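In what follows, a structure is listed as structure tokens, so that the remarks can point back to it.
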Amino acid sequence: MTTSAAQQPGKATVTLSGDREIRIERIVNAPRDRVWKALTDPTLIAQWWGRGNTLDIEKHEPVRGGHWRYVEHAHGETHGFEGRFAEVVPQEKIVCTFEWDGMPGHVALQTLTLEDLGDGRTRISTVSLFHTGTDRDGMVSSGMEGGMNESYAALDRVLASMS
Amino acid sequence: MVQYRALDAAFAAIADDTRRRVLERLGRGDATITELATAFDMTLTGMKKHVRVLEDARLVSTEKIGRVRYCRLGPRRLDDETAWIAKYHTMLDARLDRLEAFLERTKGDAP
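From first to last, the protein sequence lines are chains A and B. Going by our numbering, the residue at position 111 of the first sequence is 957; the numbering climbs one at a time, nothing skipped. Going by our numbering, the residue at position 93 of the second sequence is 347; the numbering climbs one at a time, nothing skipped.
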């Protein structure tokens, strides 16, 4: 159901809500500006994101709509990860999508927030929401087709007005 | 803090990093509870609890032969999607570990 640990550095609090959302929280012994820099400066990202593996940062555009693509090299294999930034609030928040090359179409929406605890420590909270095949099937059966038809109708009107 | 809706037993079982790693380990071959406890540097009692949760979710089955309890994957298999979410979870945890270690290592460096 839920596992949690005391809020100490190095201990993550993990909770699940719903069956497709994962939250991980942890407190690090570093002020928020350092944490922010480690999360957004490519030369720093390369030093930790790869979990000890070589990391190529092919794309890193931390602005709304910008792309990111990192490739990890481990044991002769490469693993590509990518997504788009949906929201970037300096020092506070990064919202982006996350996909792994190995499971195309399985997208997680990651929201990472930083909270300055005022004593030189920072709370990092991540919420990952998984968009599953079931969700997509549900969308199709519950009105997305209607939305598509409305879009087509609007396109028809635009085309009609141009003729 | 969080509203719990109906949780899939398998998903709840894999919410824990140790249990995810136990599944990975059993994916490479059957093991006894003692072997698992040793591999994960845990007490026998602690490992028994984890195996029990996995067993309740039907992700692991156990069989006692003589005085030894053997664990293997199944009968239920994680579907691709649940497996991916578990892997993602482990990855994110590992990345945050690395981030934390990096912040410790570079403490006092020029900002």
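Heads up, the beta-carbon is just placed ideally off N, CA and C, and yes, glycines get one too. Please read all numbers here as calculations on a predicted model, not as lab measurements.
The alpha helix (DSSP H) enclosing residue i, as first and last residue numbers
i: Val-909(A); result: Note, Val-909(A): premise wrong, no alpha helix (DSSP H); not H, not E.
i: Arg-880(A); result: 878-886
i: Asp-271(B); result: 271-281
For residue i, the three-state DSSP class (helix, strand or coil)
i: Arg-969(A); result: strand
i: Glu-335(B); result: helix
i: Trp-895(A); result: coil
i: Arg-930(A); result: strand
i: Lys-361(B); result: coil
i: Gly-856(A); result: At Gly-856(A), the pLDDT of 47 sits below 50, so the modelled position is not reliable; the number obtained from the coordinates is stated separately. Reduced to three states, the DSSP call for Gly-856(A) is coil.
i: Met-985(A); result: Residue confidence for Met-985(A) is low, a pLDDT of 46 falling below 50, so the modelled location carries little weight and cannot support an answer.
i: Phe-294(B); result: coil
i: Glu-918(A); result: strand
i: Ala-348(B); result: helix
i: Leu-353(B); result: helix
i: His-343(B); result: helix
Identity of the residues DSSP links to residue i by a beta bridge
i: Val-322(B); result: Ile-319(B)
i: Trp-946(A); result: Phe-927(A)
i: Phe-976(A); result: Ala-954(A)
i: Ala-264(B); result: For Ala-264(B), which the question treats as bridged, DSSP gives no partner whatsoever.
i: Val-314(B); result: Leu-327(B)
i: Thr-900(A); result: His-919(A)
i: Ile-940(A); result: Val-934(A) and Leu-958(A)
i: Thr-286(B); result: Tyr-324(B)
Of the residues the options, the one placed nearest residue i, counting alpha carbons only
i: Arg-326(B); options: Ala-355(B), Thr-272(B) and Arg-282(B); result: Arg-282(B)
i: Asp-965(A); options: Leu-958(A), Ala-876(A) and Arg-869(A); result: Ala-876(A)
i: Arg-930(A); options: Thr-924(A), Arg-915(A), Glu-923(A) and His-919(A); result: Arg-915(A)
i: Glu-335(B); options: Glu-918(A), Pro-950(A), Glu-938(A) and Asp-902(A); result: Pro-950(A)
i: Leu-960(A); options: Val-953(A), His-952(A) and Thr-972(A); result: Thr-972(A)
i: Glu-317(B); options: Leu-308(B), Leu-290(B), Leu-298(B) and Thr-286(B); result: Thr-286(B)
i: Leu-313(B); options: His-343(B), Leu-277(B) and Asp-271(B); result: Leu-277(B)
i: Asp-271(B); options: Thr-299(B), Arg-306(B), Leu-346(B) and Thr-360(B); result: Leu-346(B)
i: Phe-927(A); options: Arg-880(A), Gly-911(A), Trp-946(A) and Lys-939(A); result: Trp-946(A)
i: Pro-908(A); options: Pro-888(A), Ile-868(A), Thr-968(A) and Ile-873(A); result: Pro-888(A)
i: Arg-274(B); options: Gly-362(B), Leu-353(B) and Met-301(B); result: Met-301(B)
i: Ala-269(B); options: Thr-297(B), Tyr-342(B) and Ile-319(B); result: Tyr-342(B)
i: Glu-866(A); options: Ala-337(B), Leu-350(B) and Ala-348(B); result: The sequence as given places Arg at residue 866(A); Glu does not occur at that position. Among Ala-337(B), Leu-350(B) and Ala-348(B), the Cα nearest to that of Arg-866(A) is on Ala-337(B).
i: Ala-932(A); options: Gly-922(A), Thr-943(A), Ile-868(A) and His-925(A); result: Thr-943(A)
i: Leu-290(B); options: Thr-344(B), Ala-267(B), Ala-311(B) and Val-322(B); result: Val-322(B)
i: Arg-349(B); options: Val-934(A), Leu-958(A) and Glu-904(A); result: Leu-958(A)
i: Phe-976(A); options: Glu-871(A), Val-953(A) and Glu-923(A); result: Val-953(A)
i: Arg-331(B); options: Lys-303(B), Asp-363(B), Thr-288(B) and Leu-308(B); result: Leu-308(B)
Opening and closing residue of the beta strand (DSSP E) in which residue i lies
i: Glu-871(A); result: 867-874
i: Ala-954(A); result: 953-962
Closer than 6 Å: residue i CB and nearest the ligand MN heavy atom
i: Trp-894(A); result: For the structure depicted, the ligand MN is absent and the ligand set is empty, with no information on it obtainable.
Within 8 Å of chain B by C-beta, residues of the region 872-885 of chain A in sequence order: Arg-872, Val-874, Asn-875, Ala-876, Asp-879, Arg-880, Val-881, Lys-883, Ala-884 and Leu-885
Interfacial residues, the region 293-320 of chain B to chain A, with Cβ spacing under 7 Å: none
Contact list for the region 962-977 of chain A against chain B, Cβ threshold 8 Å: Ile-970, Thr-972, Ser-974 and Phe-976
Contact list for the region 930-962 of chain A against chain B, Cβ threshold 7 Å: Met-949, His-952 and Ala-954
Interface positions of the region 904-925 of chain A facing chain B (Cβ-Cβ less than 7 Å), listed along the chain: none
Contacting positions in the region 344-355 of chain B - beta carbon closer than 9 Å to chain A: Met-345, Leu-346, Asp-347, Ala-348, Arg-349, Leu-350, Asp-351, Arg-352, Leu-353, Glu-354 and Ala-355
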